[in-house]
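Taking it in order: structure first as structure tokens, then the write-up.
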Ligand code: NAP
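Numbering (the working numbering), first residue to last: 648 to 1148.
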């Protein structure tokens, strides 16, 4: 169980505070934002709607603590992260319960999101302790000698702003906080509004682990109201963001020359060739499309099957989809509520558009409250919105194709470029198709997914900017500092090559 007196400071009744200078505070705006359980509409808690002056104060507080944290030896920063990992792991169950209530994630997945975050903190500590620099001799370039030597090491960027999405509010803030802190940056985190209560616990975790007051801070409030003010603040040195492509693009316009790491939307396509192992393919597609009700950036969002396998594939996909449990996330049902009724309306709009234009409904298309039944649509054509738009809900469109070339064209025509999948026994062909796909990652005979977290994770086009993954994130949140030695020629040893016998 979670035990620390800080829990008493963190909230009053159901009102959660924000976290700055190592203290829990109420906004002087007097305004809070209610967070309702998307499954049963019960109030989970209220979070502070921070004012612009409070945001400025939070950022200044982080700035005031850049030097102290940067000067903390790396081995101490690593130790603190390891302690944080242990606390996260110890508190996985109660944090998972909170997460389940706040975003409607099935309880087992909610707990594994927390555990996976502990793994990221540990993996980041392990990698950071091996961080080294680089020494380069000048004589590789004509006109320079070995008397000129560049020695570089990595230094932090300053204050990193970490903004997370609602679907992994703990994990996708943690995957930014850990590399930012270990690299020596001060951090301001702005969690998604839905998900903020769970993410606020980082205040307790990091303080208990030993992060000095003011090095890590949390601001809460609606992104649409405070986002531009946060991003445009000159006290922010770098922004790591996960969310929709629309928000990411708007953020990039406001950020100006600040370095950015953006993880955005996707429309991952599974190309299924005639010789694919059908059991493996169906299992991967159904779990890839419908886990957490399709609210995953790397969900399987379109299937492109070749003619000889298409009928059997559709039949088996529908069979497996009908077996998925639907209902209360506390009972660990695979399909639960979407995050809001507005999101349900959006997904329904995509289904209706496809059906109006001639798609075949194979199962689903039923709604109760915020729950949409898993829906499979066959005979999708490229004039339908569902062929291109990211639903972020439990709907799987099937676009039948006639050749690998057609699959590549349809995949690449997307504005997104997160991941692609190829299911086939012909690894030579798979490799050739993989080389043609304009995406960050191609999975061969596996569903699209993030991780393991030391793998590079990135999107092309509207799917992102920069590369995440433990090593890559630390690199993105630091820069090389080069010191060049210019030695005198006086001490140079002069030796001549001798001719052999
Ligand atoms: P979102 O609406 O774009 O929100 C993401 C975050 O941005 C939230 O914290 C939100 O705060 C904040 N925000 C909103 N407007 C802002 C603004 N003007 N300036 C700064 N921040 C602002 O996305 P979401 O609905 O939470 O997440 C779903 C999307 O994330 C999907 O498109 C999904 O594909 C993508 N995603 C991508 C990855 C990846 O790895 N590529 C992973 C997960 C999710 P509020 O909550 O207060 O609005």
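Here a beta-carbon is modelled for each residue, glycine too, at the ideal position from N, C-alpha and C.
Worksheet entry | residue 1067 vs residue 1089 beta-carbon contact at 7 angstroms | Within the chain shown, residue 1067 is the residue found at index 420, counting from 1. Within the chain shown, residue 1089 is the residue found at index 442, counting from 1. Cβ atoms of residue 1067 and residue 1089: closer than 7 angstroms.
Discussion item. Can you tell me whether residue 846 is buried or exposed? The criterion is at least 16 other CB atoms within 10 Å of its CB, across all chains shown.
Written reply: For the purposes of this step, residue 846 is taken as residue 199 along the chain shown, with counting starting at 1. Buried, since its Cβ has 16 or more Cβ neighbours within 10 Å.
Discussion item. By alpha-carbon positions, which one of 1051, 654, 696 and 1072 ends up nearest to residue 872?
Written reply: Along the chain shown, read from residue 1 onward, the residue named residue 872 stands at position 225. Ranking 1051, 654, 696 and 1072 by Cα distance to residue 872 puts 696 first.
Discussion item. I'd like to confirm something about residue 809: is its beta-carbon nearer than 6 angstroms to some heavy atom of ligand 1, or not?
Written reply: For the purposes of this step, residue 809 is identified with residue 162 of the chain shown, where counting begins at 1. No, Cβ of residue 809 sits at least 6 angstroms from all heavy atoms of ligand 1.
Worksheet item: Can you list, in chain order, the residues of its chain whose CB lies under 6 angstroms from that of residue 868, leaving out five sequence neighbours each side?
Response: Within the chain shown, numbered from 1, the residue matching residue 868 stands at position 221. Counting only Cβ-Cβ distances below 6 angstroms, and skipping sequence neighbours, we find 696 and 697.
Discussion item. Can you tell me whether residue 917 is helix, strand or coil according to DSSP?
Written reply: Position 270 of the chain shown holds residue 917. If DSSP states are grouped into helix, strand and coil, residue 917 belongs with the strands.
Item to complete: Report yes if the C-beta distance between residue 691 and residue 682 is below 7 angstroms; otherwise report no.
Response: Taking the chain shown and counting its residues from 1, one reaches residue 691 at position 44. Taking the chain shown and counting its residues from 1, one reaches residue 682 at position 35. Yes.
Discussion item. Measuring only the C-alpha atoms, how far is residue 713 from residue 1125?
Written reply: In the chain shown, the residue the question calls residue 713 occupies position 66. In the chain shown, the residue the question calls residue 1125 occupies position 478. Going by the C-alpha atoms only, they are around 13 angstroms apart.
Fill in: Residue of 1042, 1007, 1002 and 1035 minimising C-alpha distance to residue 1021
Within the chain shown, numbered from 1, the residue matching residue 1021 stands at position 374. Closest by alpha carbon: 1042.
Fill in: Given residue 755 as reference, the closest of 766, 740, 821 and 1082 once Cα atoms are compared
On the chain shown, position 108 is the one that residue 755 refers to. Measuring from the Cα of residue 755, the nearest candidate turns out to be 740.
Discussion item. In the DSSP output, which residue or residues are listed as bridge partners for residue 1063?
Written reply: Your numbering for residue 1063 matches position 416 in the chain shown. DSSP output for residue 1063 lists 1108 as bridge partner(s).
Fill in: Test item: CB-CB of residue 814 and residue 760 under 7 angstroms
The residue you call residue 814 lines up with position 167 of the chain shown. The residue you call residue 760 lines up with position 113 of the chain shown. Taking 7 angstroms as the Cβ cut-off, residue 814 and residue 760 do not qualify as a contacting pair.
Worksheet item: Would you report the Cα separation of residue 974 and residue 685, rounded to the nearest angstrom?
Response: Residue 974 sits at position 327 when you count from the first residue of the chain shown. Residue 685 sits at position 38 when you count from the first residue of the chain shown. Cα to Cα, residue 974 sits roughly 12 angstroms from residue 685.
Discussion item. Looking only at its chain, what residues have a beta carbon closer than 7 angstroms to the beta carbon of residue 941, apart from the 5 residues adjacent to it on each side?
Written reply: Position 294 of the chain shown, counted from the start, is the residue given in the question as residue 941. Excluding positions up to five away in sequence, the list reads 1038, 1039, 1040, 1041 and 1042.
Discussion item. Using CA atoms only, rank isn't needed, just tell me which of 1060, 890 and 715 is closest to residue 949.
Written reply: Numbered from 1 along the chain shown, position 302 holds the residue referred to as residue 949. Ranking the options by Cα distance to residue 949, first place goes to 1060.
Worksheet item: Alpha carbon to alpha carbon, how far is residue 850 from residue 1076?
Response: Mapped onto the chain shown, residue 850 falls at position 203. Mapped onto the chain shown, residue 1076 falls at position 429. C-alpha separation (whole angstroms): 50 angstroms.
Fill in: Segment limits, beta strand (DSSP E) that includes residue 803
Taking the first residue of the chain shown as 1, we reach residue 803 at position 156. Its beta strand (DSSP E) spans residues 795-803.
Worksheet item: Hey, is residue 891 close to ligand 1, as in C-beta under 6 angstroms from one of its heavy atoms?
Response: Residue mapping note: residue 891 aligns to position 244 of the chain shown, counting from 1. It does: the Cβ of residue 891 is within 6 angstroms (strictly closer) of some heavy atom of ligand 1.
Item to complete: Classify residue 981 as buried or exposed, calling it buried when 16 or more other Cβ atoms lie within 10 Å of its own Cβ.
Response: Residue mapping note: residue 981 aligns to position 334 of the chain shown, counting from 1. That one is buried.
Worksheet item: What is the rounded straight-line gap between the Cα of residue 743 and the Cα of residue 812?
Response: On the chain shown, position 96 is the one that residue 743 refers to. On the chain shown, position 165 is the one that residue 812 refers to. Roughly 16 angstroms between the two C-alpha positions.
Practice prompt. Could you have a look at residue 910 and say whether DSSP puts it in helix, strand or coil?
Written response: As a first step, residue 910 must be located in the chain shown, where it is residue number 263. Three-state DSSP puts residue 910 in a strand.
Item to complete: Find out if the Cβ-Cβ distance for the pair residue 946, residue 936 is shorter than 7 angstroms.
Response: The residue given as residue 946 occupies position 299 in the chain shown. The residue given as residue 936 occupies position 289 in the chain shown. For residue 946 and residue 936, yes; Cβs fall inside 7 angstroms.
Worksheet item: Could you check where the beta strand (DSSP E) with residue 1025 kicks off and where it finishes?
Response: The sequence position of residue 1025 within the chain shown is 378, counting from 1. 1022-1025 is the extent of the beta strand (DSSP E) around residue 1025.
Fill in: As assigned by DSSP and simplified to three states, the class of residue 849
Along the chain shown, one-based indexing puts residue 849 at 202. If DSSP states are grouped into helix, strand and coil, residue 849 belongs with the helices.
Discussion item. Any heavy atom of ligand 1 closer than 6 angstroms to the beta-carbon of residue 869?
Written reply: Here residue 869 is taken as the residue at index 222 of the chain shown, counted from 1. Because some heavy atom of ligand 1 lies under 6 angstroms away, the Cβ of residue 869 counts as near it: yes.
Worksheet entry | Cβ-heavy atom distance, residue 839 to ligand 1, below 6 angstroms | Along the chain shown, one-based indexing puts residue 839 at 192. Yes.
Worksheet item: Taking 6 angstroms as the cut-off, is the CB of residue 874 close to at least one heavy atom of ligand 1?
Response: As a position in the chain shown, residue 874 is number 227, starting the count at 1. Indeed, a heavy atom of ligand 1 lies less than 6 angstroms from the Cβ.
Discussion item. Could you tell me the alpha carbon to alpha carbon distance between residue 1106 and residue 1142, rounded to whole angstroms?
Written reply: Numbered from its first residue, the chain shown carries residue 1106 at position 459. Numbered from its first residue, the chain shown carries residue 1142 at position 495. Computed Cα separation, rounded: 52 angstroms.
Worksheet entry | Extent of the continuous alpha helix (DSSP H) run through residue 929 | To locate residue 929, count along the chain shown from 1; it is residue 282. Run containing residue 929: 925-937, per the alpha helix (DSSP H) assignment.
Worksheet item: Is residue 697 helix, strand or coil when you go by DSSP?
Response: For the purposes of this step, residue 697 is identified with residue 50 of the chain shown, where counting begins at 1. If DSSP states are grouped into helix, strand and coil, residue 697 belongs with coil.
Worksheet item: With a CB to CB cut of under 8 angstroms and the five nearest residues on each side skipped, what residues in its chain are close to residue 1014?
Response: Looking up residue 1014 in the chain shown gives position 367. Only 991, 995 and 1020 meet the Cβ criterion.
Practice prompt. Check whether the region 877-896 touches the region 1028-1035, counting contact only when three or more Cβ pairs, one atom from each stretch, lie closer than 8 angstroms.
Written response: no
Discussion item. Quick check: what's the CA-CA separation for residue 903 versus residue 1050?
Written reply: If you number the chain shown from 1, residue 903 lands on position 256. If you number the chain shown from 1, residue 1050 lands on position 403. Each residue's alpha carbon lies about 43 angstroms from the other.
Worksheet item: Thinking C-beta only, is residue 985 closer than 7 angstroms to residue 1017?
Response: Here the question's residue 1017 lines up with position 370 in the chain shown. Here the question's residue 985 lines up with position 338 in the chain shown. Contact flag set, yes.
Worksheet entry | From 1083, 1064 and 1140, residue whose alpha carbon lies closest to that of residue 1104 | Working through the chain shown from its first residue, we reach residue 1104 at position 457. Residue 1064 is the option with its Cα nearest to residue 1104.
Discussion item. Could you check whether the region 702-717 touches the region 827-838, counting it as contact only if at least three pairs of C-beta atoms, one from each stretch, sit closer than 8 angstroms?
Written reply: yes
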